[in-house]
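First comes the structure, then the notes that go with it.
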Amino acid sequence: MLKLMQGALRLCSHLTHRQARSTGIAFVDSSKLQVCHNLRIFIHQVLKGTAKRGKGIMAWFYGFKLHLRVNDQSGIISVKGTTANVDDRKPVPAMTDELWGCLYEDKDYISNPLERELFQKRLIIGTVFDQLKNISQIEHSLHRSCISFMVNLLAGFISYSFQLKKLNIKITRLDKQALMQI
Numbered sequence: 001m002l003k004l005m006q007g008a009l010r011l012c013s014h015l016t017h018r019q020a021r022s023t024g025i026a027f028v029d030s031s032k033l034q035v036c037h038n039l040r041i042f043i044h045q046v047l048k049g050t051a052k053r054g055k056g057i058m059a060w061f062y063g064f065k066l067h068l069r070v071n072d073q074s075g076i077i078s079v080k081g082t083t084a085n086v087d088d089r090k091p092v093p094a095m096t097d098e099l100w101g102c103l104y105e106d107k108d109y110i111s112n113p114l115e116r117e118l119f120q121k122r123l124i125i126g127t128v129f130d131q132l133k134n135i136s137q138i139e140h141s142l143h144r145s146c147i148s149f150m151v152n153l154l155a156g157f158i159s160y161s162f163q164l165k166k167l168n169i170k171i172t173r174l175d176k177q178a179l180m181q182i
């Protein structure tokens with residue numbers, strides 16, 4: 001058990017070194033990390049007492065929420081995990097301590113003209129979540145311990161950080177300055 005915990009700490013350290021830098025434009029969003037199917041909630045034993053039931057965009061689920069802040073080049077700046085029943089807005093202040101520039105959140109928080117202008121640019125964080133879940137496979141229900149869950153999550157972030165081709169906003173410096181002043 002201690003060897004696994006030491007490995008998880010090494011992964012955390014490595015992830016810190018692979019962390020992206022803020023570029024002045026950042027996006028924040030959350031996504032569900034379901035640990036088991038809803039029909040198996042009452043017999044799920046691995047993360048019992050840790051995972052909670054929460055509501056996502058589509059339906060209720062059992063697990064956690066993953067909150068990300070990414071830059072305009074799809075680099076992960078900060079990560080925060082919460083139980084599924086935590087409001088999406090609650091972890092944002094802790095994730096934006098050293099923020100400079102502009103931060104864009106869910107479309108619910110953006111005015112209509114700005115929403116139209118940034119619609120394609122906001123697709124970045126959706127793509128990051130998609131790649132984390134489908135390519136890095138951070139969401140599955142085969143965990144046998146809490147440490148296994150955390151190691152899988154950290155390994156997924158690290159593997160994502162090594163991807164050579166990430167979605168990138170192609171804007172000029174002047175356009176970027178204009179976005180930062182909106």
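Heads up: the sequence shown begins at 1 in full-length UniProt numbering, then just goes up one per residue. Idealized CB from N, CA, C, for every residue including glycine.
Asked, Found
"Reduced DSSP secondary structure (H/G/I, E/B, other) of Ala26", "strand"
"The ligand SAH heavy atom lying under 7 angstroms from the CB of His44", "As presented, the structure is devoid of all ligands, the ligand SAH included, so that no description of it is given."
"Bounding residues of the beta strand (DSSP E) (the contiguous stretch that carries Ser78)", "Ile76 to Thr83"
"Local Cβ density within 10 Å of Lys32, reported as buried at 16 or more and exposed below that", "buried"
"Local conformation of Leu33 per DSSP, three classes", "strand"
"CB contact below 8 angstroms: Leu15 versus chain C", "Going by chain labels, chain C is absent from the structure shown, which holds only one protein chain."
"For Tyr62 and Leu142, the rounded distance between their alpha carbons", "14 angstroms"
"Under 8 angstroms between C-beta atoms of Leu15 and Ile158", "yes"
"6 angstroms CB neighbourhood of Lys80 in its chain, flanking five on each side removed", "His67, Pro91 and Met95"
"Residue closest to Val46, alpha-carbon to alpha-carbon, out of Leu164, Gln163 and Ser148", "Ser148"
"One or two residues paired with Val128 in a DSSP bridge", "None, per the DSSP bridge assignment."
"Same chain, Cβ closer than 7 angstroms to Val86, five either side skipped, listed in chain order", "Lys65"
"Straight-line gap, Arg144 to Cys102 (C-alpha atoms, nearest Å)", "40 angstroms"
"Euclidean distance between Cα positions of Cys36 and Leu174", "47 angstroms"
"Proximity to Arg84 [Cα-Cα], best of Ala59, Ala51, Val70 and Glu105", "According to the sequence provided, residue 84 is Ala. The question's Arg does not apply to it. The shortest Cα separation from Ala84 among Ala59, Ala51, Val70 and Glu105 belongs to Ala51."
"Simplified DSSP assignment, three categories, for Phe162", "coil"
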